[in-house]
Amino acid sequence: MSNLPSHARVVIIGGGAIGASSLYHLAKAGWTDCVLLEKNELTAGSTWHAAGNVPTFSSSWSIMNMQRYSASLYRELGVLVDYPMNYHVTGSIRLGHSKERLREFKRVVGMGRYQGMDLDILTPDEIRSRYPFLKTHELMGALYDPYDGDIDPAQLTQGLAKGARDMGAKIIRFCPVTGARRENDEWVITTPQGEIRCEYVVNAAGYYAREVGKMFGRAVPMMVMSHQYILFDEIPELAAWSKEVGHKLPLLRDVDSSYYLRQEKYGMNLGPYERNCRAHWTTPDDPMPEDFSFQLFPDDLERLDWYLNDAVERVPILGTAGLSRVINGPIPYAPDGNPLIGPMPGVPNAFEACVFTFGICQAGGAGKVLAEWVTEGQTEWDMWSCDPRRYTDYTDQDYCIAKGMEIYGHEYAMHFPKHYWPAGRNKKLSPIHGRIAALGAQFKPYNGWERAMWYAKPGDDTSEEATQTWGREGPWAKRIEEECLAVRDAAGILDLPGFSRFRVKGEGAREWLSGLITGRAPKPGRIGLAYFADDKGRIVTEMSVMAIEEDFFFLITAATAQWHDFEWLQKHRPADAAFTLDDVTTNFSCQILTGPTSRDILAGVSDADLSKGWLTHQTAQIAGRYCQLVRVSFAGELGWEIHTKADDTAAIFDVVSDAGQRHGLKPFGMEALDSLRIEKGYRAWKGDLSTDYTVLQGGLERFVDWAKPSFKGKAALEREKQQGVIKRFVTLTVEAGDCDAPYMSTLWFGGQVVGETTSGNWGYRVGKSIALGMLRADLAVPGLEIEVEIFGDRFKATVEPDQPLWDPSNERLKA
Ligand SMILES: Cc1cc2nc3c(=O)[nH]c(=O)nc-3n(C[C@H](O)[C@H](O)[C@H](O)COP(=O)(O)OP(=O)(O)OC[C@H]3O[C@@H](n4cnc5c(N)ncnc54)[C@H](O)[C@@H]3O)c2cc1C
0 MSNLPSHARV VIIGGGAIGA SSLYHLAKAG WTDCVLLEKN ELTAGSTWHA AGNVPTFSSS
60 WSIMNMQRYS ASLYRELGVL VDYPMNYHVT GSIRLGHSKE RLREFKRVVG MGRYQGMDLD
120 ILTPDEIRSR YPFLKTHELM GALYDPYDGD IDPAQLTQGL AKGARDMGAK IIRFCPVTGA
180 RRENDEWVIT TPQGEIRCEY VVNAAGYYAR EVGKMFGRAV PMMVMSHQYI LFDEIPELAA
240 WSKEVGHKLP LLRDVDSSYY LRQEKYGMNL GPYERNCRAH WTTPDDPMPE DFSFQLFPDD
300 LERLDWYLND AVERVPILGT AGLSRVINGP IPYAPDGNPL IGPMPGVPNA FEACVFTFGI
360 CQAGGAGKVL AEWVTEGQTE WDMWSCDPRR YTDYTDQDYC IAKGMEIYGH EYAMHFPKHY
420 WPAGRNKKLS PIHGRIAALG AQFKPYNGWE RAMWYAKPGD DTSEEATQTW GREGPWAKRI
480 EEECLAVRDA AGILDLPGFS RFRVKGEGAR EWLSGLITGR APKPGRIGLA YFADDKGRIV
540 TEMSVMAIEE DFFFLITAAT AQWHDFEWLQ KHRPADAAFT LDDVTTNFSC QILTGPTSRD
600 ILAGVSDADL SKGWLTHQTA QIAGRYCQLV RVSFAGELGW EIHTKADDTA AIFDVVSDAG
660 QRHGLKPFGM EALDSLRIEK GYRAWKGDLS TDYTVLQGGL ERFVDWAKPS FKGKAALERE
720 KQQGVIKRFV TLTVEAGDCD APYMSTLWFG GQVVGETTSG NWGYRVGKSI ALGMLRADLA
780 VPGLEIEVEI FGDRFKATVE PDQPLWDPSN ERLKA
């Protein structure tokens, strides 16, 4: 007889490290009526053969958070669940071959310190003293991570499973999920052992996540790579050393050569991420098998030759060892290499915790995050970097394969701010893509849409090599400056395809919207910024609300926010609402025309009433085509957004461009826009605006209408106001060196860490390096001098008054 229960609150599909950790954390949160279904034995997927490295290093704040949590959980897990496990904290040395690599390390040291971890930079001599077998040719230094180590992945999974079972959760093995259907607001999950009904379901099926996703009508954006590591026989010299000092070597990562090398008993384990990598199960002649439990791919050592030779030159004792075993297993990749953790897009009460490339070191943190999503509908840390909704409809299989291979081959690459990764491009093109490309546009995708970042002139170096820098200077700098100054002195035009746009129309629309946003919905004919808070008062999103009629709005939001924001609206729309809510993103397009001569340009080509003030909108004609002219400018100058039907983009662009020639009009790109907006203190979503901060911390109180009887987040915000805000949004001017402050640079005062930056850039109109950030509230005093740590060095920064640096009274904007 089947031991499958007929009902559970949550069903988790997949019993690898991630499924087990999700079950453990759900049970820990008191949700013990949860069942994990595993088609084979626990760990049968990628988990059983993983090398088990547990780094804390990440250049992403949220992923570092997740890994830090994992490492600290693993230190105590064996005792907590009474299941002893092999977890060796050996520390690690991450080698740096270049100045830019050392800068990356120094930034991570700063982030680590903020998260309570004491990472360190080593000189080549210090490296040798920790790793006597190493040659230091071509090295500039290293990052030392004392928390790094390795864990037995099977023991980790079994330990988490035991902990979950002890709390009352259930695990059913050899129970493959074969289908899912929705009945009476419940999920019915089918298996050969029968059916189980549940409120919530979690796809934790690892490299089978795409197959499981199909059962829910969801195309999981992922692909599968083959990943290998080589185990070597015992090395007598290493054995002797290890016995003498009484510990193992720290794990070595030569990230510029792209491999790790770990002591395994008295031998070694070499794991490269090769450029000449291999995808699997991507073509008809290499179909994904029905079942691959506990299986491996055939060895493919040729691919690893270069890496093996490089490692032997670095650690010559490796050359004396015989090869004992090769492990070549499947490893899933999402297009950016981050996992998918969070709501399953478009599918009610379903979540994803899958497609992990570092699922052993992330399992602890991922389980915590997943459990929060399920039990609370929100997470403690902002986890947008892993949110499945960061991808939308453009992630077809070709795209996933191209991106997965690119990321795998560059697993340890530095992500420089002006480098736009080349694979999987041109998924969505603006109707004037060809025109702006001919003008020199350098593109980067936003939610699949290619947008101009800056405009190169003939002779400018647009090679990938030129972008390998954290510095402000480069072939783009002069051009971005010219674009910014054109916007300041004349006018600029920016093509903005893919601006997400939702239409809310019908009786009750205004009242509903008013209950969701912190402020007031604008009157018909006007547009305004609106902030959406969660029940804790944290910033979920920002949208521009364009009121067409009393109960008819367009909500406009970031391209990348399309699925995230639409789901937020859908989730809060009452089932019996009389108004409609539609995503009309692809019907429209937008161009920004801004700068002091923009009125003269429009006067020559449109029938609009150009005397209408800031924050108004009107229907007008340009080139005989209807458009909505919206009097706003994210650049902070006189200007209009020209919203058109997508098909009319080209005609309007041509006419405006022609007319603009006499008025100094230049095309400008997203890089210039970022510089212009930061001078105005305008926040960017998922940098300055995230659920890591409340609306009050974000300095957005002027967008809160306390007089409204209620709105989402009001109670929490009232409480916070009463108790006092602990950190505050500030604008800083920084006496920076050759780099502006990247996201999450630490702020210092009196020898203490007192905050962090959320974005930074050079402001060409004010001629200063600017950072936006969050500072301890008592220090948010205009004129106060603090320090900001940028790539390891501290620079003087001044807290600016709570107003835009450029045009503080908005005279130019309202001209
Ligand atoms: C060679 C190699 C070395 C690695 N080394 C490391 C490392 O050092 N550190 C690190 O952090 N990561 C490492 N990884 C990655 C790591 O193995 C994975 O990220 C991790 O195991 C993923 O765990 P998971 O639970 O998401 O997936 P999996 O372990 O693949 O588990 C998914 C489970 O779902 C089950 N399943 C699938 N379909 C169904 C269904 N329909 N019904 C029921 N059950 C189903 C499968 O049987 C499987 O057990 C390595 C990977 C490889 C290939």
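The numbers in numbering that gives the first Met the number 0 rise by one with no breaks, and the one at position 243 of the sequence shown is 242.
No residue lacks a Cβ here, since even glycine has one placed at the ideal position from N, Cα and C.
All of these numbers come straight from a predicted model, not from anything done at the bench.
For residue i, I'd like the list of residues in its chain whose CB is within less than 7 Å of its CB, leaving aside the five on either flank, ordered along the chain.
i	result
residue 194	187, 188
residue 602	609
residue 347	none
residue 66	54, 55, 57, 360, 361, 364
Just the C-alpha distance for residue i and residue j, rounded to the nearest angstrom, thanks.
i	j	result
residue 570	residue 706	25 Å
residue 494	residue 431	8 Å
residue 92	residue 304	23 Å
residue 245	residue 411	31 Å
residue 653	residue 590	12 Å
residue 649	residue 626	13 Å
residue 850	residue 550	Shown here, the chain extends from 0 to 814; a query on residue 850 therefore has no answer.
residue 371	residue 269	36 Å
residue 471	residue 163	50 Å
residue 203	residue 716	35 Å
residue 515	residue 352	28 Å
residue 85	residue 368	25 Å
residue 209	residue 743	34 Å
residue 39	residue 174	7 Å
residue 176	residue 794	56 Å
residue 637	residue 782	29 Å
residue 318	residue 227	19 Å
residue 623	residue 604	9 Å
residue 363	residue 349	20 Å
residue 629	residue 523	13 Å
residue 531	residue 728	17 Å
residue 482	residue 376	43 Å
residue 764	residue 805	7 Å
residue 745	residue 2	53 Å
residue 739	residue 772	13 Å
residue 451	residue 290	45 Å
Can you have a look at residue i and say buried or exposed, based on whether 16 or more other CB atoms are within 10 angstroms of its CB?
i	result
residue 687	buried
residue 52	buried
residue 787	buried
residue 708	exposed
residue 718	exposed
residue 713	buried
residue 308	exposed
residue 447	buried
residue 115	exposed
residue 725	exposed
For residue i, which residues from the same chain have a beta carbon less than 6 Å from its beta carbon, with the 5 sequence-adjacent residues on both sides left out?
i	result
residue 803	679, 680
residue 813	613
residue 419	443
residue 94	138, 141, 253
residue 185	196
residue 583	500, 502
residue 563	388
For residue i and residue j, which I take to be in contact (beta-carbon distance under 8 Å), what is that distance rounded to the nearest angstrom?
i	j	result
residue 665	residue 485	4 Å
residue 13	residue 205	6 Å
residue 108	residue 121	Incorrect: roughly 11 Å between the Cβ atoms, too far for contact.
residue 17	residue 35	That pair is no contact at about 11 Å.
residue 690	residue 538	6 Å
residue 799	residue 732	6 Å
For residue i, which residues of its own chain have a beta-carbon under 8 Å away from its beta-carbon, when the five flanking residues on both sides are left out?
i	result
residue 237	132, 248, 262, 265, 266, 267, 316
residue 489	594, 595, 596, 662, 663, 664, 665
residue 161	80, 81, 82
residue 286	280
residue 651	590, 621, 622, 624, 626, 641, 643
residue 463	418, 421
residue 568	501, 503, 515, 554, 580
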